[in-house]
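Under the UniProt record's numbering, the sequence shown has 16 at position 16, and the numbering climbs by one with no breaks.
Positions of the beta carbon are idealized from the N, C-alpha and C atoms, including for glycine.
Model, not experiment: these values are computed from the prediction.
Below: the structure, in structure tokens.
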Amino acid sequence: MVALQILMMSSKDFLNRRFRYRQMLHKSLRNRFISEYLGVLAQKKSKRTTSNSFKIGQIVLIGSDNRKRIDWPLGVITEFIPGKDKQVRLIKVKTPHCTFITPYSKDLSS
């Protein structure tokens, strides 16, 4: 009977130590994932200057919510239109069928 109690106590102690070890391991792996993997995915934001990632004469896709990406038309940037603050706010794009002006946003340049 005494041997059974000692065995139960030691197995209980073993299970507690094993549980704490697994908690520590889980916490360690989670911290490592956050610091290493998510750190690589973090994007650095850069201040947009007058030298845009777009250039006049560059061919661009013209997106549409109601069409598949494969069916989006191509256009050529013909002009940058600055706002009152001298930042580029609009872009004039020429397609085979028409010319239109579209807002220039940070989403487009990244």
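For F100, the enclosing beta strand (DSSP E) starts and ends at 99-103.
In the assembly as shown, Y21 is an exposed residue. Its beta-carbon has fewer than 16 other beta-carbons within 10 Å.
Rounded to the nearest whole angstrom, the CA to CA distance from F14 to K27 is 20 Å. By a beta-carbon distance limit of 8 Å, T78 does not contact I62. Their separation comes to about 13 Å. Across the structure, S11 and V40 are spaced so that their CA atoms are roughly 42 Å apart.
If you look at G75, you'll find it in the beta strand (DSSP E) that goes 74-82. Close CB contacts of K94 within its chain, under the 7 Å cut and outside five residues either way in sequence, are with G75, V76, T78 (chain order).
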